[in-house]
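Numbered per the numbering used here, the sequence shown finishes at 1030, counting up by one with no gaps. C-beta: ideal position from N, C-alpha, C; glycine also. All of these numbers come straight from a predicted model, not from anything done at the bench. The block underneath contains the structure these notes are about, expressed in structure tokens.
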Amino acid sequence: MASRSLSRQSQPTAAQSHNNNAFSFGTSRVTNGTKANDPLQPLRAMAERVGKEVEKFAERVDHWHVHGNESKKAKYQTTVKLVGKFQDVAESHVKELKRTTEAENNGSLSKTVRRKIQSMADASDNAGQSVFGQSSQSVIPSIESSAVPDSASVRELREWQAELATWKLLKLVIEHYNPEPGTDVAAEKQTRLEQVGGNARYCKNSEIWDRFLLEDDQAKEKALVLRWLEQTARDSDSDVKAIITGLEEHSGKGAHTWTSGWLETKTKIKQAKRMDDTDQPLKPINSNLKTSDRTANLVTQLDPDAPSRQKRALERSDEYYERSLWMVAYEMMRRGLPWKTIVDWCYERNESWRGVSIGAAYEGHPEGGPNVAGPTVGYLFRRMSFYAARGARIPYEGAVYGLLSGDLKQVQAVCKSWDDHLHAHYNALLLSRFDSYLQKNYPSRVTESLTQKFLFQDAVANIGDWENSPEKVIEILKQQKSTASQAVSPIKLIQSALIARDTDDLMLKVGVALADMFDKDDRPHSLIIHPDSLEEDRSPIPAGDHRTFRAEQHYQTLAKDPHAFRILVHVFIVLRNGLHTLFEDTHQDKIFLAMDNVITAYIEFLRLTKRFDTIPLYAAQLIPERAAYSLARVLPDIKNSSEQRHSVALMESYRIDVVQVISQSFTFASRDSGFTHFTKEGYGVITNPIKRFNILEKITLPTEQLLWPGVRVKRTFGGAEISPQDEIVIDAVQWYNYVGKDYENTFGHLKSALTIFLLNGRLAAAEKVISDLSVESLSLSRTEALLGYPFDFTTAGAEEQDEQQLHEHRDNLSTSARAAAMPLAQLPDADQHREIVDNLRKSSTAYYTLQQIVRLLVLFREWREEEQTLIQIRAERKKEGASAKHKPDTQRTKALLDSISNVFDTLIPAISQASAADPDYLTHKTWDLMKAYIPDMILAYLSVLQAASWFLNKDPAIKAMEVAVVVADKGNEWVQRCLLETGRMSEVLECLAAVSKCMLKLTEGGKEKGNKKRGGKGETLRLWDLGAR
């Protein structure tokens, strides 16, 4: 996968990440105050409506993610199983909800049936419509969108039923369009064609149907989707028994009347015959027989065609009975019930003629297929059914014959939902395609003369492009008034995209919709990216008024629906990372980034609901750069150390580059804190660096000038408290505690953090960093991870491998720790050990130097407190007089002085060595830092030495000579330059002179005559004794 930058190059403030491919998704956009319109409100609303299903789906995805990665075939198989597991989760929810809401669910379905029955009873008939009429307006109002379930639990059941249907559809689409890798589709198809038959002269008619489905992939798709729609109707809608019960209740008559035919009409005709004293059929022209309500002429004969032929009516109850029979027949066909079941039902109600007319020769029907009986393979039956449909008086009668013949218009007249309309379209297309197939491939069965005798409405020709017919039908349903509203409902958008094989567009539109929802989100580093945002600063905010991509409002509705959005996210995972059928051209940034918003929005949702354990799993579904960006946005929310360690372990288990994530998080933190900003070239700079960190105060009293050389250390320093801005950066670097094998980024970003804090005068924050992440403590974790046992690599001789210590450490490990430890075979040899230790030292040098600066500052502050304590003791002794001449305990004073001397003595030579070894060591920021701190620290050290020579003994004064030598040393030229550029050289010289005067004071009265002690270089206070010989 090609790497490309999504924004200006993100660089650490003081050290650029070693990973040159690390992406940054935008610069900081600082917010002022809280916003009235919370951009996360839609996700917060979703968070309140979700349950345990989030974890259940995550568990399935987790198992899928880590299994089946050995080959494409294995991954395909685990992906298909994953869809099956999603289906199982939905199915278990449906079963449980049906059990717990049985009464409410049945009541809701009964209401739906009653509304439907009422609409059927009230609808006008089709009398007077031409056989060639083109009416497609539904006479049965849509009830699916207007029917409101009675309770939240029933609504939840409906959602899970819709989800179950969606997973079944996805599985069907995968099996049809995405064969297992390695499958020779053409060869397998040819083998099946040879086995199925249908090409012999006297083959079974059912074989012709089977062959048709094998040869025509689009026809097979229509058949599969029809079966899916029928199964969905059986699973989700009222069953036929419930409809029949509802019809009986509405009629007010018992079930026994269903076997009596047109009972009241028959009684009225018999009565009329008796009155006329005839046993012959009544002639309409001579009869003035009326219905009981006197609103219409009553039929005079009882054959099924009488109402249409005579243009006369049935008694109202018989008309209701007639419509009910056709309605039930349609509902059974719509649910895909076997033909034998339908025919038997008609027979049981003494309506055998009806069973014969709709299920003629049903035993010849292929499974799930149409009537293929007779020499014309059912062609003639479908033509007769077509004319019966167009001549039908009752809408449901027309729909029944419409389903049999493939007459779309007549079926549409009773469709009540998106599913019904899709079923009508697909049924018409499938039968139309089959009849065309028969004409083309079996001319001896369907002759040209036969086709010319009957009207044949070619639904395929009306659609146009057969290969793209799914997409065409879905678009028609979106445009059609009766289905437009339901077609853009969240779940139908997903099902439509699966059927039309247009999931790319769906993911893109939802991704754009998410960007639109967040286009006022000026939070820094939002997870959402608008495809029309600035290329060098990707964000949810589009640039200018021009829009390359737009998304209608209903896509936002989908994104706000927790049920549908969760489904969409997991469809995304299945198609992109399981089957690799989703758009994957990473070079087309805008499309790719918009589509990835689907996953990143879900991650944002998981963050809001505190499901941190699941976030790395879903981040792993993104490309590495976007995954690192998204996880970096989440890390600040994880505060607990055990949770942080667990999160790192999860990221590692999903093969996410943890170092890249933490590096990105630190880059975000450095900008979010407000301490840094980025230049146009993408380089991070300190926004308002200090020129000097003042730790000194001048001395004016003569008595104090004796103790200090004109200046002394302050009791309190600036930046003494940790601010919220400090915590942003501190929290970001804490994560480096958990990545034992990294040291370049670790020490580079720790150096950056200290640089930021020191150049902003944030001493307390710097103290916190070196306290929690000192070189010494990090040394232990890095050496154990890289070299097999923990040790401090800063100590002399650490470069030599200590095999005894190595084996002792491994012997003392617990079983679990030993299992996680570096395998013996991978332990470095002596040369590799030396090389790694050398690299660790080099990588940590810059950070260690800053760490020592911070430590020295802390020691200076502690020293000042010690000074104050000693001064207080002396004052108290003077008050108490001779009785209190006990000597004060100066052990802590000596220890403090030794610590200060040890750090100072190594600090400047270390910087000199590092700058000599690396000409780029003293970068612009580092140099600014040196100028801000080194002059004060030299003066502070001289002040400490003079005071110590009075508090302890005269030996510390010798150190003053060493400081003068250090400053004058040619190897420390940078110190001289630092003092000159800051204008502080004169202060240092004055301070040295003051210390010299102090030395003279110390030698007055011959106090040092017996003192032979010399410094490490032979220095002695006698040098300052004017009486020395």
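Residue nearest to residue 613 within the set 652, 666, 584 and 118 is 652 (criterion: CA-CA distance). Straight-line measurement puts the Cα of residue 494 at about 6 Å from the Cα of residue 488. Rounded to the nearest angstrom, the gap between the Cα atoms of residue 409 and residue 429 is 6 Å. Under DSSP, no beta-bridge partner is assigned to residue 880.
Between the stretch 631 to 643 and the stretch 614 to 621, the count of Cβ pairs shorter than 8 Å is three or higher; the stretches touch. For residue 348, the CB contacts under 6 Å within the same chain, skipping 5 residues up- and downstream, are 356 in chain order. Sixteen is the threshold: when 16 or more other Cβ atoms of the shown chains lie within 10 Å of the Cβ of residue 438, as they do, the residue is buried. Within the stretch 656 to 728, the complete alpha helix (DSSP H) segments of 4 residues or longer fall at 659 to 673 and 703 to 708, listed in chain order. For residue 497, the enclosing alpha helix (DSSP H) covers residues 491 to 501. Per DSSP, reduced to three states, the secondary structure at residue 506 is helical. Between residue 779 and residue 951, the alpha-carbon positions lie close to 39 Å from each other. Taking a contact to require three or more Cβ pairs closer than 8 Å, the stretch 231 to 250 and the stretch 325 to 337 qualify as touching. Distance from the CA of residue 401 to the CA of residue 526, rounded to the nearest whole angstrom, comes to 59 Å. As the crow flies, the alpha-carbon of residue 904 is around 23 Å from that of residue 924. Look at residue 291 here: in three-state DSSP terms it is strand. Boundaries of the alpha helix (DSSP H) harbouring residue 470: 470 to 480, taken from the DSSP string.
Ranking 949, 514, 593 and 433 by CA distance to the CA of residue 996 puts 949 first. Taking a contact to require three or more Cβ pairs closer than 8 Å, the stretch 321 to 331 and the stretch 110 to 125 qualify as touching. Per DSSP, the unbroken alpha helix (DSSP H) holding residue 267 starts and ends at 264 to 277. If the five residues before and after residue 75 are omitted, its C-beta is found closer than 7 Å to the C-beta atoms of 69, all from its own chain and listed in chain order. In terms of Cα proximity to residue 936, the closest of 909, 953, 920 and 657 is 909. The C-alpha of residue 889 is placed about 29 Å away from the C-alpha of residue 993. Between residue 837 and residue 788, the CB-CB gap stays under 9 Å. In this structure, residue 490 places its C-beta atom within 9 Å of the C-beta atom of residue 555.
Using a 10 angstroms sphere on the CB of residue 897, the tally of other CB atoms reaches 16 or more, which defines it as buried. For the 9 Å CB-CB criterion, residue 530 and residue 524 do not form a contact. Secondary structure within the stretch 324 to 351: the alpha helix (DSSP H) runs of 4 or more consecutive residues, fully enclosed, are 340 to 349 (chain order).
Nearest Cα to residue 202 within the set 443, 293 and 192: 443. Distance from the CA atom of residue 331 to the CA atom of residue 461, rounded to whole angstroms, is 23 Å.
Beta-bridge analysis with DSSP links residue 314 to 299. Distance from residue 670 to residue 733 at the Cβ level is roughly 4 Å; contact confirmed, criterion being Cβ atoms closer than 8 Å. Sequence-distant Cβ neighbours of residue 623 in its own chain, meaning closer than 8 Å and more than five residues away, are 597, 600, 601 and 631.
Counting other Cβ atoms within 10 Å of its Cβ, residue 959 reaches 16 or more and is therefore classed as buried.
In this structure, residue 533 and residue 549 form a Cβ contact; the two beta carbons are roughly 5 Å apart against a cut-off of 8 Å. The beta-carbon distance between residue 731 and residue 687, rounded to whole angstroms, is 17 Å. This is too long to meet the 8 Å contact definition.
Within the model, the alpha-carbon separation for residue 328 versus residue 117 is close to 10 Å.
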